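Some notes on the structure that comes next.
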Amino acid sequence: MHIHDLKLQFDRSILVFITLTILVYIILGCQPVYSMEASIVNYGYGVVLKLSNSSISSVGVVSDSVFIASSNNDVYIVYINVTDGTFRVWNRTLPDKVELLALGGFNSSYVALSTVGGEVLVIDLSMEKLSSIRELLKVTGHKSNVKKVLLDSEHGILLVLDDNGLLYVYNVLSHGRLEIGYRGIHNGKLVKTIQHYLNITNITSISIVDVVLRVDYYECRNSYNYNSEYTLVRGLISTYTYTYTFMAILNFTSAPLDYNILYLTLLPTQISGPMSISRFTGRDILVVSYVDRDVIKWIILKRVENGILNYTPVTEFYYPILGTVTDIIMYHSVNSVYTIVGGVDNNVYMFNISTDIYGEVFNFKLEWSLPINPLAGPIKHIDLIWAWRRLEYNIMGFILVTTPKTTQLVTLNCGLPLWIQEHGLPVVGEVTDVSVSTTGNLIVYGLSDGRVFILQGLKRHLYAKGLPEYFKVKVRVLLNNTKPLVGVTVELLDELYRVVARGLTNNIGEVVFYTTRGIYYVRVFEETLGEITGRVIVGFRWSIDPVLNFKLYNFTVEIICEGDPYGIGFGKGPIENVEAQLIPLEKGLPVYKGVSNEKGVIVFDRVVVNGVEKYIEPYVREGKYVLILLLPDGRVFERVVYVNSSKTLEVKVPASLETLVLKILDEETLEEVYPVKLMVKHLASGVKGVLLVTSENSTLKLPRGVYELKVLAKGYKPLTRNVSIPGITVLYLTPVKYELTILVVDEFGSPVNRFYTIVSWGNWTTHKSGINGTVSFHLRPGLYRIKVYSEGFKPSSKVIEFTKNTTVNIVLYYPRYKLTVNTLDRDTLKPVTAVIEVLRGDRVVAKLKPPFTTIILPRGVYLVNIIPEGPYPKRSVEVTLDSDRELRILLSRRPYTLRIIVRDEKGIPLSGVRVVISNSEVVKGRTRANGEFSLNLPPGRYIVRVDYEGYTSVVREVVLNRNVMLEFKLKPTIQTVIARLVMSNLNYIIVVVVGVIVGVVFIKYVK
């Protein structure tokens, strides 16, 4: 908006601030009128408008006169009246903070809003009247936080992606919805397609990570729209063992009734960068772009009929880029799709994927990269301003690059950057969001201080005028950058590949054309070299006269036979008289022919042009070809080659092989003998080698000829024979035999007198009887099983590998019987814990301890030693084991002596002391004169009580498991102590008593 449109005036030296009055308006009821503070900034080309006290989170330009902004819970729709320079604002406060804002397209009245509470609202804006704003759709109850919102106003489709990976697809008009992704109820079609097309089974879950709509940006158009017919999604497929990353193109225009899957593929990694989708104008060819780590990738998709999916990939391109890509924008024309990329490395890139008029050949190149001011911070947004002005053939446009602190405007001319200018904002606060109209008539910046910066109209001096109508184009045609081509036809084509002019090169290889400003193509044709095409930009200061160069290389092919499949070298070497052709895979290249010489080298000295074969110098043009080789034996080989340098390409072809059916048999059993080592020698060339032949590969494939075969097999004598290939040959091998001696002993090392021996190998068996522990056999090498039988012993067997004279020891074991030993108390018959030793002769064969008192032993005589715990004596029992035996050993307890000594407190023995010993029974007694009392008692726990008149009784507990002595010291009672005191001081007491009596008598007498 110009300064005169806003009715704001300023002097060059003094900036005047004027308060704009916002008109009273009514939106769905009476709304308050409040004034808006505006300031003129950026040399009179912008206005700052205060909307909120909080940061502006997002802005969106709906048309040249309407934009929408959000701040916290508030939504502002601003109508700009260019005529009277006023603003009208429609405001609504939502229950939660507005988080995301999505437009349905430029000049589309649909706008979608989402809040942090999960509510999504779609409103229909009026381009002129505030009263026409109405709510189309309001949805809540999403299972997780809303991550992304997209809106297709043309088809009325709303897409909502939450943090769980569930994609909701709503129809704004019918209010139905689809759920695809994490626990989506409409995953069935997607799951079946994944199982059928990607061959992934046992799918446990599918989650959607990102989703974008195709934006139909078209060169020179002043509008764009989002198209849900081509929805690009990226997600994860989880199985029980692995997680896959996939990308798909879905068609949601029939939602909520159905959706279609147009394309599906797996990605190598879990990519996290931006992605985009576009197309070639008027062609059914899609271009998908995405970022994988530090590489940008493009996939070209063409429509197919009667396939599982509607699109199939035809080619891919990629470009490495430093840093992280933050934004991707794609726009298209008839023969090109342009990709504009911005990232944290502060560079803006433009890539071009072009095709020919047939849509068959695709080319990729980086058009340009432009550095942005690094002090402004990393690039956040890239916006296209589709103010394309056609001044004759001068097509102009702009790219708006936004960083946190500033924006920069890149002016384009025919797709190439003319200049870059700063759009620094003279306000406090950083740029939070930017939105532009495709016409360039309205640019709105959201600021962190709650204001918006409104810029209307681009500067007029950005458009060049008065450019000349015709320009000179000089085309030069060279051979290998040095030799000019004379008399060659050169054609000048426009963008639709229509011939504008035609001419022949002069003696220095040049031809001159005059044409208007624009983009052209130059095509050159030479009957032995083919066709070459170049692009030329005419009428600009960077325009360069094209030089078309036919690059020729000395390209030859060497044909080498690989020989036999075993790598020995039979038939290996160069092949003569091989006819070769180079069929071009790129348009404009001729067909080359050649024949190999005695060294197997093919020189391409003939070319086919319009069905006529001509001889040329042996040089080949740069390009991609199919190499077709016709061998003398009639075999044909094909290979794709790319000629880009002078070189000799080595091509190895397999040899022509014949079959030798080989049978190797044992001359005695007539059974097949495998594996064998086969030494093969070709008698004509002397080449020889070694093969390992088994039953699976006994049919050999070798070149035709006579060979010497030497067979070496384990256990057989060598055999040499000459054979012819092809053919069938049977070879008989003679086995080698050795002596096998078998020594048979019992388990104690004594020879067994009589026994019977069976030796077997597969189904073959022989047998002999042996005496005195030995027997012998003469056998061929092999794997044998030996079985020995003898009366009174268990049979024994052994498997051996027999390769020489061998002695084998076989041990026969006696029958085993079970011996069980139980130790019991003789009186109570309760088990007694004991260690049990089992001896055979002087050798201890086993030690048993409860609860494991059973053992399996050979037949014989054994001595069983019982070593009990506690008061039991040891016992030994001899047993003859010729059947299962159970020994029941009864043990008697040993008595122990309990000795009791009783003394007084002075250590003097006390006699006659009463002793009471109680257990299950009570034993009483008295101490002798020496104060002792003793008796023998069985083991156990006893209570001992000692009583003596005048002394305190003592009670003690004792465990009797050995001879025990108890000593008691008795203390006198208090009565005994007093009596002893009185008796010891009796004389003194009498004297005192007598004195007292005399005193009393004397006193009475005196009175």
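Going by the numbering used here, the first residue of the sequence shown is number 1238, and it counts up by one from there. Every residue gets a Cβ at the ideal spot worked out from N, C-alpha and C, and that includes glycine. All values derive from a computational prediction rather than experimental measurement.
- Here the alpha carbon of residue 1685 sits roughly 5 Å from the alpha carbon of residue 1667.
- Straight through space, the alpha carbons of residue 2216 and residue 2185 are spaced by roughly 17 Å.
- For the options 2060, 1589, 1949 and 2085, the alpha carbon positioned closest to that of residue 1603 is the one of 1589.
- Residue 2089 carries a strand assignment under DSSP once its states are collapsed to helix, strand and coil.
- For residue 1507, there is no enclosing beta strand (DSSP E), as DSSP marks it with neither H nor E.
- A direct Cα-to-Cα measurement between residue 1866 and residue 1572 gives close to 37 Å.
- Here DSSP, grouped into helix, strand and coil, assigns residue 1772 to strand.
- Distance check between residue 2166 and each of 2137, 2176 and 2193 places 2137 closest, using alpha-carbon atoms only.
- Here the alpha carbon of residue 2085 sits roughly 22 Å from the alpha carbon of residue 1985.
- With a beta-carbon spacing of about 4 Å, residue 2188 and residue 2207 fall inside the 8 Å limit used to define contacts.
- The Cβ-Cβ distance between residue 1439 and residue 1476 falls below 7 Å.
- Residue ranges of uninterrupted beta strand (DSSP E) with 3 or more members, entirely inside the region 1579-1607 and ordered along the chain, are 1584-1592.
- Boundaries cannot be given for residue 1906, as no beta strand (DSSP E) includes it and DSSP labels it neither H nor E.
- Just so you know, the alpha carbons of residue 1330 and residue 1350 end up roughly 12 Å apart.
- In this structure, residue 1406 keeps its C-beta atom at 7 Å or more from the C-beta atom of residue 1691.
- Under the three-state reduction of DSSP output, residue 1818 falls in the strand class.
- Following the DSSP letters along the chain, one finds residue 2216 inside the alpha helix (DSSP H) bounded by residues 2211-2221.
- Under the DSSP assignment, residue 1425 falls in the alpha helix (DSSP H) whose first and last residues are 1425-1430.
- DSSP places residue 2224 within a helical segment (H, G or I) once states are collapsed to three.
- Around residue 1372, the same chain offers 1358 and 1360 as residues with beta carbons nearer than 7 Å, after the five sequence neighbours per side are excluded.
- Within the same chain, 1526, 1567 and 1588 come within 6 Å of residue 1576 by CB-CB distance, once the 5 residues on both sides are set aside.
- One Cα belongs to residue 1712, the other to residue 1895, and the distance between them is close to 60 Å.
- Per DSSP, the continuous beta strand (DSSP E) segment holding residue 1690 begins and ends at 1688-1692.
- If you draw a straight line from the Cα of residue 2095 to the Cα of residue 1974, it comes to about 39 Å.
- As far as DSSP is concerned, residue 2141 takes part in no beta bridge.
- Counting of Cβ neighbours within 10 angstroms places residue 2239 among the exposed residues, the total staying below 16.
- Taking the C-beta atoms as reference points, residue 1943 is found no nearer than 7 Å to residue 1968.
- The C-beta distance from residue 1845 to residue 1827 rounds to 7 Å, short enough to meet the 8 Å contact threshold.
- At a cut-off of 3 residues, the continuous stretches assigned as beta strand (DSSP E) that sit fully inside the region 1754-1807 are 1755-1763, 1767-1775, 1784-1787 and 1792-1798.
- Contact between residue 1683 and residue 1295 holds, since their C-beta atoms are separated by about 6 Å, short of 8 Å.
- Exclusion of the five residues before and after residue 1592 leaves 1572 and 1599 as the residues of its chain whose Cβ lies within less than 6 Å of its Cβ.
- The region 1911-1919 and the region 1816-1833 do not touch, with fewer than 3 CB-CB distances between them shorter than 8 Å.
- In the three-state DSSP reduction, residue 2241 falls in the helix class (H, G or I).
- In the displayed model, residue 2069 falls within coil according to three-state DSSP, outside both helix and strand.
- According to the DSSP assignment, residue 1353 belongs to no beta strand (DSSP E), since it is labelled neither H nor E.
- Runs of the alpha helix (DSSP H) spanning 4 or more residues and lying entirely within the region 1365-1425 do not occur at all.
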